[in-house]
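Mapping the first sequence onto our numbering, position 82 (from 1) lands on 63, and the numbers just tick up by one. Even for Gly, the Cβ is constructed at its ideal location relative to N, Cα and C.
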Amino acid sequence: MNKQVRVRFAPSPTGPLHIGGVRTALYNYLFAKKHGGDFLLRIEDTDQGRFVPGAEQYIIDSLKWAGIMPDEGVGIGGPHAPYRQSERKEIYRQYAEQLIEDGYAYYAFDTSEELEKLRKELEGSKASNTSYSSHVRGRMRNSLTLPTEEVATRMAAGDPFVIRLKMPENELVKANDMVRERIEVNTSTLDDKVLFKSDGFPTYHLANVVDDHFMEITHVIRGEEWLPSLPLHVLLYRYLGWEDTMPEFAHLPLLLKPDGKGKLSKRDGDRLGFPVFPLQWKDPASGELSTGYRESGYFPEAFINMLAFLGWNPGTEQEIFSVDDLAEHFSIEHVHKAGAKFDFEKAKWFNHQYLIRRNNEELAYEFEKILQSKGITVNFEYLVTVVALVKERVNFVQEMWQQASFFFIAPESYDAEVVKKRWKDNIPSLIADVKGVIRKIEPFTAESFKDSVHHFVEEKQANMGSIMNTLRLSLVGGSFGPDLPVIAEMLGKEEVISRIEKALATIK
RNA sequence: GGUCCGUUCAUCUAGGGGUUAGGAUACAAGGUUUUCAUCCUUGACACAGGGGUUCGAUUCCCCUACGGACUACCA
C-alpha cells in the first residue's frame, strides 16, 4: 500500500514561531519533498484564550521567507479546506459523541474547584497516578457516576461539561516512533484526558486525530514534547475505528539552550544575544520587539541549512546543502535521538559559507541598500569590486560596512592601538616623502604603487612593515582590509594623497 | 513525586562487538597574506559511572547518575 505521502505542520497561533517550530516545519517539508508528497499547513487555534493577533500571519510569512512553502493549507487552500481548526469546529463534537456511544468516553461535570481539590489531594498522596484517571473517575461528577436522568437534565439545562476519554485499566499500548522505535506504556499510568472542552472546542488531542485522519495524513512529524501523549493518540485512532489508516509518527529531538540546560526559549535569545525567531516580532500586547534571523542578516538558505543540521545529519561529511539537496538526502533514520543545544557560532559560520558563495553583483546589490541608508551613492561597478575584496572577511552583508567604509569615505579617526604601535617619531617625515613619490606615479595602479613604495623603502633603507602599515593606517584608519596597493588604486591618486595629508595633520 | 525519552570531544554530530573512535564549529600553534580576514598545516579535546553477556564492549542487557519532556477544559 503505497499511499501518497502527506504531512502537516500544525502550529498554534499563540505567538511568533520560534526556530524549533521552523525546524519541525522544515523536516516535514523535506520529508514530503523527498517522497514526492504533500506538505500542509494547518492552524490549530482551538484555544481562544491564547490566541495572539498576527501570529498566524507571522507563521505564514516565516515559512515563506524560509522557502518552506506548503502545498495546501491556510493561506493556500486545498481539497480539505478549511485548514483552520476554529473553522472546523462543527466537525469534532460528533466524534467525541461517537466515543461516548461506543463506551470509550464520558461526560464530566466537575467544576474547576472540584478538579483543583482533587489535584491537591492526589499530589499530597503517594498515589502513582496523580491525575483524573480510572483510579478516581468513580468518585467524580460524571456520566459514569451520575444517574442517567441527572445527566440528561444537566445536558438539557445547558450545564457546562467536558468529554473525557475513558482510559482503560492495565492495558499495554504499543506505539511505534520512527526515531525511537518501539514505545510501550501501561494505560493505568495515563489519565482521562479532556477531548472536548466546555467552550465547544476540541482539545489538541481530538482535533489533531480527527484532522489528520480526514486530511489523510500519513506521517506525523512533530516535537518530542508530544511523545508522552502518543499512546493516547493511538488509542483514539483505535476507538474511532481508524487504526488501519493511522499515520506513522516521528518525534523530533528538542532544541536546547546553548548554555546550561533546558528547552530553548525566547529569554535565551535576549540573554545570549541571538535571535530565536525567524522574523522580527512585535508583541501586540507589550509592544516589545524581538529581532529575527532575517533582520540579523541571515540568508534564508543559510538559516535553513543550519536548522536542518540541528538534529539531523546526512551520514556523510557534506555540510552545505541547498533546500533541494536537503530534500533529496533527508531521512528520518538520520534524525538524532537526543536534544540539540543551539550553537550560534555555527549559525554564523553557515551564513559565511553562503555569503562567500554568492555572486558579487547580488551582494553588491544588498550592500548598496545599506550604503544608501547612510546617504552614500556609488558607482555599481566600483561596489562590485569592493564586495569582491571584502566578502571573505565577513559573515553578514551589513558587516561589509565596517570592513569597507574607507572605500567610500576617508577615515574619521585612527585606531589608537595602531597609532601607538606604528606612528613612531620618524614616521611623519617618511610618510611625507612617500607622498611625494606617490604624486609622481603614472599611471596610478596597484602594481605601480607597490613598485614605487618598494623602491622608496629600499632607497631610504626604511622598514617596509612600518611604511606599509602607517600608509594603511592613513588610508583605512586601522590595521585591517584588503591588499594596500589594491586599495590605493581603488581610491585613486588624489584621494590617497589627500588621506595621507589628513593623517599627517591629524595623528598626534 | 509519577510516566516517558535521552546521554560519543566545549558545541553539532559520524560510527558501531575487535577502529590510531572520524568530520565540522569554536579554541591553540605554525605557514601564507609585508595588515586584518581568508586559506593551508598541525595540536588539544569525547564514548557519564557501575555491574553483567562475551575471547573481546564505547557498541548488547541491567542498575545508578545526570539531562529533558509530559503530568491544564494549552498546544
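Could you tell me which of the options sits nearest to residue i, measuring between CA atoms?
i, options, result
"Pro256", "Pro228, Ile72, Val378, Leu288", "Leu288"
"Ala308", "Val(-14), Tyr10, Ala6, Ile0", "Tyr10"
"Trp330", "Ile301, Gly356, Gly320", "Ile301"
"Asp180", "Ser112, Asp140, Glu428, Pro463", "Asp140"
"Arg(-13)", "Glu53, Gly2, Trp46, Gln29", "Glu53"
"His317", "Gly35, Leu233, Ala469", "Leu233"
"Gly473", "Phe430, Asn444, Arg403", "Phe430"
"Asp192", "Lys178, Ile164, Leu221, Glu205", "Leu221"
"Glu224", "Lys107, Phe195, Lys322", "Phe195"
"Asp406", "Ser447, Lys244, Ser433", "Ser447"
"Met449", "Trp404, Gly(-4), Lys(-16)", "Trp404"
"Ile408", "Ser455, Phe389, Asp432", "Ser455"
"Glu482", "Glu342, Ser410, Ala156", "Ser410"
Any idea if residue i is buried or exposed, counting beta-carbon neighbours within 10 angstroms, 16 or more meaning buried?
i, result
"Arg338", "exposed"
"Ala486", "exposed"
"Leu270", "exposed"
"Gln14", "The residue you asked about is not Gln; residue 14 is Lys in the sequence shown. Classification for Lys14: buried."
"Glu94", "exposed"
"Glu470", "buried"
"Lys416", "buried"
"Met(-18)", "In this predicted model, Met(-18) has a pLDDT of only 49, less than 50, meaning its place in the structure is not dependable; the value taken from the coordinates is given anyway. So Met(-18) counts as exposed."
"Arg69", "buried"
"Tyr8", "buried"
"Tyr363", "exposed"
"Glu71", "exposed"
"Gln66", "buried"
"Asp464", "exposed"
"Ser124", "buried"
"Ala137", "exposed"
"Lys147", "buried"
"Glu97", "exposed"
"Ser354", "exposed"
If I follow the unbroken alpha helix (DSSP H) through residue i, where does it start and stop?
i, result
"Glu104", "93 to 105"
"Arg122", "No alpha helix (DSSP H) holds Arg122; DSSP gives it neither H nor E."
"Ala413", "408 to 421"
"Ser367", "Note that residue 367 corresponds to Val in the displayed sequence, not to Ser. Val367 -> alpha helix (DSSP H) spans 361 to 371."
"Tyr76", "70 to 82"
"Tyr335", "325 to 338"
"Asn110", "Asn110 -> no alpha helix (DSSP H), and no H or E assigned at all."
"Val457", "445 to 457"
"Glu403", "Checking the displayed sequence, the identity of residue 403 turns out to be Arg instead of Glu. Here the alpha helix (DSSP H) through Arg403 covers 397 to 403."
"Ile490", "Past the boundaries of the shown model lies residue 490; the chain is included only from -18 to 489, so the question cannot be answered."
"Met136", "129 to 138"
Could you spell out the range, first to last residue, of the beta strand (DSSP E) harbouring residue i?
i, result
"Asp158", "153 to 158"
"Asp536", "With the chain represented from -18 up to 489, any question about residue 536 goes unanswered, as that position is not in the structure."
"His232", "229 to 233"
"Leu(-2)", "Counting along the chain, Leu(-2) falls outside any beta strand (DSSP E), and DSSP gives it neither H nor E."
"Tyr274", "Counting along the chain, Tyr274 falls outside any beta strand (DSSP E), and DSSP gives it neither H nor E."
"Val175", "175 to 177"
"Tyr85", "Where Tyr85 is concerned, there is no enclosing beta strand (DSSP E), given that its DSSP letter is neither H nor E."
"Phe(-10)", "-13 to -10"
"Asn167", "162 to 167"
"Val143", "143 to 146"
"His200", "200 to 204"
Beta carbon of residue i, beta carbon of residue j: below 7 Å?
i, j, result
"Thr199", "Pro228", "yes"
"Val201", "Phe230", "yes"
"Phe90", "Phe142", "yes"
"Trp382", "Ile351", "yes"
"Ile57", "Pro63", "no"
"Arg145", "Asp173", "yes"
"Val166", "Val175", "no"
"Pro(-6)", "Asp26", "yes"
"Gly30", "Pro265", "no"
"Ala369", "Tyr335", "no"
"Thr168", "Glu152", "yes"
"Phe348", "Val378", "yes"
"His490", "Asn294", "Outside the modelled stretch of the chain, which goes from -18 to 489, sits residue 490, for which no answer is possible."
"Ala345", "Val365", "yes"
"Leu245", "Leu236", "yes"
"Gly462", "Tyr395", "no"
"Phe(-10)", "Ala6", "yes"
"Ala321", "Gly296", "no"
Should the stretch 413 to 426 be called in touch with the stretch 341 to 358, which here means at least 3 C-beta pairs below 8 Å?
-> no
Are the stretch 436 to 443 and the stretch 362 to 374 touching by the rule of at least three beta carbon pairs closer than 8 Å?
-> no
Count the CB pairs spanning the stretch 73 to 84 and the stretch 212 to 227 that are closer than 8 Å, and state whether there are at least three.
-> yes
Validate contact between the stretch 268 to 282 and the stretch 42 to 51 using beta carbons, cut 8 Å, 3 pairs | Yes: at least three Cβ pairs fall under 8 Å.
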